[in-house]
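Participant:
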Amino acid sequence: MKKRLRTLLLAIWIIPVLLFIYLPVAWLVISSISTRAELLSTPIHWIPQHPTFQNYLNIFAPGQGTSEVAKTFRITLWNSLVVASSVTLIALTLGSLASYALIRLRFPFRQSMLIGILGTRMIPEISLVIPLYLFATRFGLFNSPLILIITYLSFALPFAIWLMAAFFNTIPVELEDAARIDGCNRLETLFRIIMPISAPGLVSTGLFVFLTAWDEFFFALILTSTVSAKTVPVAIAEFTGRYVVDVGGMMTGGVLAAIPPVVLSLIFQRYIVSGLTAGAVKG
Amino acid sequence: MKTFRSIAILILTLIVLASMMGCAPKQPAGPVTIRVLSMEQAGPTVDEMNAIVGEFNQANPDIKVEIEYVAYDALHDKITTAMASTPPAYDVFLVDDIWYAEFAKAGYVMDATSRITQDMRDKIFVSAWDITTVDGKVYGMPWLLDEKYFFYNKKLLQEAGFNAPPKTWEELVEQSKVIKEKGIVEYPIVWSWGQYEAAICDWVILLYGNGGSLVDANGAPAFNNEIGVKTLTWMIQTIDEGITNPASVSYVEEDVRNVFSQGKAVFAVNWNYMYDLVNFNTEESQVTGQIKMALMPAFEGSGVESATINGSMGFSVAATSPNQDAAWKYVEFLTSEDIQNRYSGHLLPIWQTSFQGENLTKLQSYSPANETTVPMFNAQFPYAHVRPKVPYYPEASKALQLALQEALTKQKTPEQALNDAAAKWIELAK
Amino acid sequence: MQSCMKQKFTLTQQDALLGFGLILPSLLVILGISLQPILSTLYLSVFESSRGINAEQTFVGLGNYTSLLSDPVFWVTIGRTLYFTLVSVGLELVLGLAIAQLIHSHPPGWQFLRTSLIIPWAVPTIVNGTMWRWIYNADYGALNGLFLQLGLIDKYIPWLTKPDVAMNLVIVADIWHSVPFIALILQAALATLPVDLEEAAAVDGANALQRFFLIRLPLLRPAILVALVIRTVEAFRVFDIIYVITNGGPAFGTVTISYLTYLETFSFGNVGRGAALSFLISIFTLIMAFVYIRILYRPEDSQ
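Residue numbers (this note's numbering), protein chains in the order written: chain A, 1 to 283; chain B, 1 to 430; chain C, 1 to 303.
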């Protein structure tokens, strides 16, 4: 009885959180299917009386007068997907190894390295972008997805290392000791015990890195120029003219850009199952 | 363990996929390639711009023009970054009026003075040359002529009992008081006084319309005098009296259009683009068919009939481009009388001859909006003022934006704010 | 005893070797990408240089730094940025912890909630900014529309015309975007915590609140530390969302230190000053990171 009451109380708390998340999202979706004339109504039309899917049609079935941004939006979506997934996978692979070393192994300069790695992330992108641009043009990498993957690693890797450090830290050392007593060496312990236990952390970190790369704007803006490498945020920015802002187009871009990360998180959902650790400890 | 393996497989697949995507297309050999940087959502559509490129490439088999489009907000940063490498990533780029002095000083734009023919000088609008000229040298061809106009909602104005729009700002205040009394709208006029370049544009309109000026003949700041203070005080007063929409302090042009499209304002000041969208596009506006344009008012007793801001752009050749002649050839082609007349559906030609006789009729017939905007442009453009052509303009502009905002939000008196901005301008000029 | 010591020594050596081996690839990548740009920025920062093809560069030593440090605008901006950082990260932490705890308690719909958390973060910042700018609009914004219909206000309010209000509204937009990050990190950390400890405590008669503050929170400390450090670094460098929502206005009321760097470097072309600014930003964030580490880091956390 008491337990049921508790569940009920908790469920009530979920409502304001969901409202906080979904009210702006709802508005985003409404803006993408409303004409501007209707968006400007007072009192506000929360549900559009004349919904239009023109913004979506412009992207998926471009016609004669469709703007260039809308026409090429699908290509930029693909570019973003390639860049963000590559960055994520490289950062996860290298980052989790480094992070494990920094957290669990004892060696000189460990602490300063951890802080130093974070330190490289502290200079604003704005100041790094011109040297990186020169680097890109010198090596003929300008306007290729590769240069974005490389430059994104500059923030994705420290990010992944720090995040994985947080997750490795929460794993009890005793667990590892037990494995080592069973005859596993360090690497075996890492791959057979630590990694599987850290699956929630690994997947979460992957998701975070993916999202950070997905959202990156300034590097992409300066280091790409055509649809062969342009990413979604840069494309979305092009819905803005000198004066005119195609708000419907932007909001549609935003809705579409939010879908891949959400789908990804759904796919990986089952790996972020809590209680896995408990089972491992007992096992 | 299975989990881990499937993740590993996914990793591998995606890496392979990514490396395949990583191969950039190689540059084809052959004719001289001219790279052009233009912007999205300019006047002409991308299709029209591409068509012009196509025509040029066909007529010039030894030159191949490639054109790229970025957002206006990205244009300045893209140009400055591109110029950091040699050869620059672009041979030709679109430059906003207010960047010309900065780019000329930095050595980014080619001095084209000697390439301008007498025919061009005679036949292109004098105010258009103001855009691309810095210290007597011409750095490019003007393109995308624009200025701010005075808009009014005829239907609402008539409801208030007025048949004609105001000719002076004082008259606008009088009409506004009646509009408020009759409860037609709460705030009769909406401006773009937010912390953007837009605020400077509106301020130029009011200041010059009051007989004032941003700089004197020597280029020293001249706005912190009696006229400047009077003008800024008038702005604050209209907010206090509820004539100006108080949100104007955070608005840009697009907000002005939105409020005006709602029918929540009777008067508005904005660029050419607003007319078509507000008066003809039912998906964008709730007040279609009610909108008229008039000559920008000025202040009584200032001796000024009208004043507005010249906000055009220009196409220039990169000073470090290895193919300057070919690049200039394209700029000339793009701005030629023939091309401009044929592609003027979304662009006002720079040639005065396009506004005469048969050309004028044709220009007006392109769209229902053109019927009004083309004659309006002709009437208003002689009163258009450019902002000072000084290399430190972006910083000077920010200082002035701050001053206007501090006065409008009552953190400083108008006098204090303007004096501070003027001091900054003097410091920057050193 | 003796042999045991010897074996431990070699094990430590092995560990060190393996450690360097595991960390090397990351180190190479990070240094490879970041070092050269950082050094050239450092180099630029000791010159007074404008932008341009043949721009003159005058060596000024620490001149850019001293002139910035003696400029009241710099300190006002730092103060404003600190306000933004502390308020947004602080609220994000409290909210994030609460949400993580809520999800961890597995009420009905918790999986839906966790998936939903991704959405605010998946909306690109540029769209997020534009969306909030519309929501806050005085004449047609959803906030005024909603508040009016709920009877909280009796007429539309111009939200973004006062510097302090504008700053707080930008913070709300930033929280909406970033709370999911902290919530998800802490939720994942909670998921890896051993449950037996708490069960034991529950048996010992500790109530839920005691269990949370005395057992769970200390165990979460490393995760909180990392989340805080990452978010603080990001918040202190906030740029995009301010650029879109207020453009630094009204009256410079929302200009943060990164925004100032952007203005100096890109808009004004004061490259040297911009580079110096970016190093000062790094120093400030490093100091903050150290403060966190001093407060939250306990050596026993990692062995």
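Backbone N, C-alpha and C define an ideal beta-carbon position, used for all residues, glycine too.
Treat the numbers as computed from the prediction; the structure is a model and nothing was measured.
Are the beta-carbon atoms belonging to C:Pro124 and A:Gly254 less than 8 Å from one another?
Facilitator: Locating residue 124 of chain C in the third sequence gives position 124, where the first residue counts as 1. Locating residue 254 of chain A in the first sequence gives position 254, where the first residue counts as 1. Yes, the Cβ-Cβ distance between C:Pro124 and A:Gly254 is below 8 Å.
Participant: Does A:Ile171 come out as helix, strand or coil in the three-state DSSP assignment?
Facilitator: To locate residue 171 of chain A, count along the first sequence from 1; it is residue 171. A:Ile171 falls in the coil class under three-state DSSP.
Participant: Which term fits C:Tyr43, buried or exposed, when burial requires 16 or more other beta carbons within 10 angstroms of its beta carbon?
Facilitator: Translated into positions along the third sequence, residue 43 of chain C becomes position 43. When all chains shown are included, C:Tyr43 counts as exposed.
Participant: If the criterion is Cβ atoms closer than 8 Å, does the pair B:Asn270 and B:Lys148 meet it?
Facilitator: Here residue 270 of chain B refers to the residue found at position 270 of the second sequence. Here residue 148 of chain B refers to the residue found at position 148 of the second sequence. A contact, by the Cβ cut-off of 8 Å.
Participant: Where does B:Ile131 land, buried or exposed, given buried means 16+ other C-beta within 10 angstroms?
Facilitator: Within the second sequence, residue 131 of chain B is the residue found at index 131, counting from 1. The residue is buried, with at least 16 neighbouring Cβ atoms inside 10 Å.
Participant: Output the residue ranges of the alpha helix (DSSP H) runs that lie fully inside the stretch 144-195 of chain B and measure 4 residues or longer, sorted by chain position.
Facilitator: For the stretch 144-195 of chain B, whole alpha helix (DSSP H) runs of length 4 or above, ordered along the chain, are 154-159, 169-181.
Participant: Quick check on the DSSP output: the beta strand (DSSP E) that includes B:Gly314 runs from which residue to which?
Facilitator: Taking the first residue of the second sequence as 1, we reach residue 314 of chain B at position 314. Per DSSP, B:Gly314 belongs to the beta strand (DSSP E) from 313-317.
Participant: Residues of chain A with CB under 8 Å from C:Ser116, in chain order?
Facilitator: To locate residue 116 of chain C, count along the third sequence from 1; it is residue 116. Result: Leu18, Ile21, Tyr22.
Participant: Anything in the stretch 42-54 of chain C with a Cβ closer than 9 Å to a Cβ of chain B? List those residues in chain order, please.
Facilitator: Taking 9 Å as the Cβ-Cβ cut-off against chain B, the residues of the stretch 42-54 of chain C that qualify are Ser50, Arg51, Gly52, Ile53, Asn54.
Participant: Report the residue from C:Thr58, C:Val76, C:Gly248 whose alpha carbon sits nearest the alpha carbon of C:Ala166.
Facilitator: Residue numbering aside, residue 166 of chain C sits at position 166 when the third sequence is read from its first letter. Among C:Thr58, C:Val76, C:Gly248, the Cα nearest to that of C:Ala166 is on C:Gly248.
Participant: For chain B, find out if any of its Cβ atoms is closer than 8 Å to the Cβ of C:Ala321; answer yes or no.
Facilitator: The shown model of chain C, from 1 to 303, leaves out residue 321 of chain C, and the question about it has no answer.
Participant: So B:Glu254 contacts chain A; which residues on that side make the cut at Cβ distance below 8 Å?
Facilitator: As a working mapping, residue 254 of chain B is identified with position 254 in the second sequence. Ordered by position in chain A, the residues that pass the 8 Å Cβ test against B:Glu254 are Tyr243, Val244, Val245.
Participant: Within 8 Å (strictly less), CB to CB, does A:Ser31 reach chain C?
Facilitator: As a first step, residue 31 of chain A must be located in the first sequence, where it is residue number 31. Closer than 8 Å to some Cβ of chain C, the Cβ of A:Ser31 qualifies, so yes.
Participant: Alpha carbon to alpha carbon, what distance is there between B:Glu186 and B:Glu159?
Facilitator: Here residue 159 of chain B refers to the residue found at position 159 when the second sequence is read from its first residue. Here residue 186 of chain B refers to the residue found at position 186 when the second sequence is read from its first residue. Near 14 Å, if we compare the C-alpha coordinates of B:Glu186 and B:Glu159.
Participant: In angstroms with no decimal places, state the Cα-to-Cα distance between C:Gln88 and C:Asp174.
Facilitator: Position 88 of the third sequence holds residue 88 of chain C. Position 174 of the third sequence holds residue 174 of chain C. Note that residue 88 of chain C is Ser in the sequence shown here, rather than Gln. Rounded to whole angstroms, C:Ser88 to C:Asp174 spans 7 Å at the Cα level.
Participant: If you compare alpha carbons, which of B:Tyr90, B:Lys230, B:Ser248, B:Tyr366 is closest to B:Val109?
Facilitator: In the second sequence, counting from the first residue as 1, residue 109 of chain B sits at position 109. Looking at the Cα atoms, B:Tyr90 is the closest of the given residues.
Participant: Identify which residue in B:Ala112, B:Glu66, B:Phe260, B:Pro394 has its Cα closest to the Cα of B:Ala319.
Facilitator: The residue labelled residue 319 of chain B in the question sits at position 319 within the second sequence. When only C-alpha atoms are compared, the closest one is B:Ala112.
Participant: Determine, using beta carbons only, whether B:Thr81 and A:Ile130 come nearer to each other than 8 Å.
Facilitator: Locating residue 81 of chain B in the second sequence gives position 81, counting from the first residue. Locating residue 130 of chain A in the first sequence gives position 130, counting from the first residue. Their beta carbons are under 8 Å apart, which means B:Thr81 touches A:Ile130 by this criterion.
Participant: What is the DSSP secondary structure of B:Thr133, reduced to helix, strand or coil?
Facilitator: Reading the second sequence from its first residue, position 133 is the one you call residue 133 of chain B. It is a strand residue.
Participant: Express the C-alpha separation of A:Gly116 and B:Pro394 in angstroms, rounding to a whole number.
Facilitator: Position 394 of the second sequence, counted from the first residue, corresponds to residue 394 of chain B. Position 116 of the first sequence, counted from the first residue, corresponds to residue 116 of chain A. So the two alpha carbons sit approximately 36 Å from each other.
Participant: Could you tell me how far apart the beta carbons of B:Ser250 and C:Pro250 are, in whole angstroms, since I believe they sit closer than 8 Å?
Facilitator: Taking the second sequence and counting its residues from 1, the one referred to as residue 250 of chain B is at position 250. Taking the third sequence and counting its residues from 1, the one referred to as residue 250 of chain C is at position 250. Yes, they are in contact, since the Cβ atoms of B:Ser250 and C:Pro250 sit about 6 Å apart, within 8 Å.
Participant: Kindly indicate the opening and closing residues of the alpha helix (DSSP H) around A:Asn58.
Facilitator: Here the question's residue 58 of chain A lines up with position 58 in the first sequence. Counting along the chain, the alpha helix (DSSP H) containing A:Asn58 begins and ends at 54-60.
Participant: Reducing DSSP to helix, strand and coil, say where C:His104 ends up.
Facilitator: As a working note, residue 104 of chain C is residue 104 in the third sequence. C:His104: helix per DSSP, three-state reduction.
Participant: Please list, in chain order, the chain A residues whose beta carbon lies closer than 8 Å to that of B:Trp271.
Facilitator: Within the second sequence, residue 271 of chain B is the residue found at index 271, counting from 1. Neighbours of B:Trp271 on chain A, chain order: Tyr243.
Participant: In whole angstroms, what is the alpha-carbon distance linking A:Ala257 and A:Trp78?
Facilitator: For the purposes of this step, residue 257 of chain A is taken as residue 257 along the first sequence, with counting starting at 1. For the purposes of this step, residue 78 of chain A is taken as residue 78 along the first sequence, with counting starting at 1. Roughly 11 Å between the two C-alpha positions.
Participant: Exposed or buried, which one is A:Thr151 when buried takes at least 16 other CB atoms within 10 Å?
Facilitator: Indexing the first sequence from 1 puts residue 151 of chain A at position 151. Per the 10 Å Cβ criterion, buried.
Participant: Report the rounded CA-to-CA distance for A:Pro43 versus B:Asn359, giving the unit in angstroms.
Facilitator: Reading the first sequence from its first residue, position 43 is the one you call residue 43 of chain A. Reading the second sequence from its first residue, position 359 is the one you call residue 359 of chain B. Cα-Cα distance, rounded: 46 Å.
Participant: Hey, quick one: how far does the alpha helix (DSSP H) through B:Lys398 stretch, first residue to last?
Facilitator: Residue numbering aside, residue 398 of chain B sits at position 398 when the second sequence is read from its first letter. Where B:Lys398 is concerned, the enclosing alpha helix (DSSP H) stretches over 393-408.
Participant: Based on the DSSP secondary-structure assignment, which residues constitute the bridge partners of B:Glu68?
Facilitator: Position 68 of the second sequence, counted from the first residue, corresponds to residue 68 of chain B. In the DSSP output, where bridge partners are listed per residue, B:Glu68 has B:Leu37.
Participant: If you measure beta-carbon to beta-carbon, which residues of the stretch 9-22 of chain C are closer than 7 Å to chain A?
Facilitator: Correct list: Thr12, Asp15, Ala16, Leu18, Gly19, Phe20, Leu22.
Participant: Under a CB-based cut-off of 8 Å, is B:Gly242 close to chain C?
Facilitator: Within the second sequence, the letter at position 242 stands for residue 242 of chain B. B:Gly242 does not count as touching chain C.
Participant: What are the partner residues of C:Phe59, as DSSP defines its beta bridges?
Facilitator: Mapped onto the third sequence, residue 59 of chain C falls at position 59. Paired residue(s): C:Phe47.
Participant: Would you verify that the beta carbon of B:Glu197 is, or is not, closer than 8 Å to some beta carbon of chain A?
Facilitator: Within the second sequence, the letter at position 197 stands for residue 197 of chain B. No, because no Cβ of chain A sits closer than 8 Å to the Cβ of B:Glu197.
Participant: So for B:Phe267, helix, strand or coil by DSSP?
Facilitator: Stepping through the second sequence from its first residue, residue 267 of chain B is reached at position 267. Residue state, collapsed to three classes: strand.
Participant: Residues in the same chain with beta-carbon distance under 6 Å from C:Arg51, minus the five sequence neighbours each way, listed in chain order, please.
Facilitator: Your numbering for residue 51 of chain C matches position 51 in the third sequence. These residues qualify, in order along the chain: Gly269, Val271.
Participant: Can you tell me which of the three DSSP states A:Pro43 falls into?
Facilitator: Taking the first sequence and counting its residues from 1, one reaches residue 43 of chain A at position 43. Residue state, collapsed to three classes: coil.
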